[in-house]
Amino acid sequence: MSALEHAKAMGVEAVMEKTAAAGIKEYGVYHRDLAEKWKEIRQEAEGPVKVGAALNNSDTARVLLGMLETDLEKYWTVLM
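Residue numbering for the sequence shown is 1 to 80, as defined by UniProt numbering.
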């Protein structure tokens with residue numbers, strides 16, 4: 001059974017409880033409890049659930065390039 005299958009079988013609340021008990025934290029600037037972040041995201045959700053994700057350096061560059069490709073005029077004025 002993969003980690004994803006195992007997590008789905010456990011259910012959202014059980015996964016969040018295990019994450020909190022393990023003390024897993026985000027990496028990066030904010031470095032706070034991951035379970036707490038997920039809890040906030042779930043409470044704020046109206047309609048579809050938001051996705052909480054982290055970007056490493058190479059992913060950040062790719063996302064920024066993608067933003068420039070889709071709407072250069074919007075972001076160009078911010079960059080200048």
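Think of the CB as a built atom: it goes at the ideal place given N, C-alpha and C, for glycine as much as any other residue. Owing to the predicted nature of the structure, the values given are computational and were not obtained by experimental measurement.
Asked, Found
"Buried or exposed by the 16-neighbour rule on C-beta atoms within 10 Å, applied to alanine 35", "buried"
"Residues that lysine 25 bridges to, as DSSP identifies them", "Asp33"
"Cα-Cα separation, valine 15 to alanine 7", "6 Å"
"Contact check, glutamate 26 vs arginine 32, beta carbons under 7 Å", "yes"
"Buried or exposed (CB count within 10 angstroms, at least 16 for buried), threonine 19", "buried"
"Methionine 10: first and last residue of the uninterrupted alpha helix (DSSP H) it sits in", "3–10"
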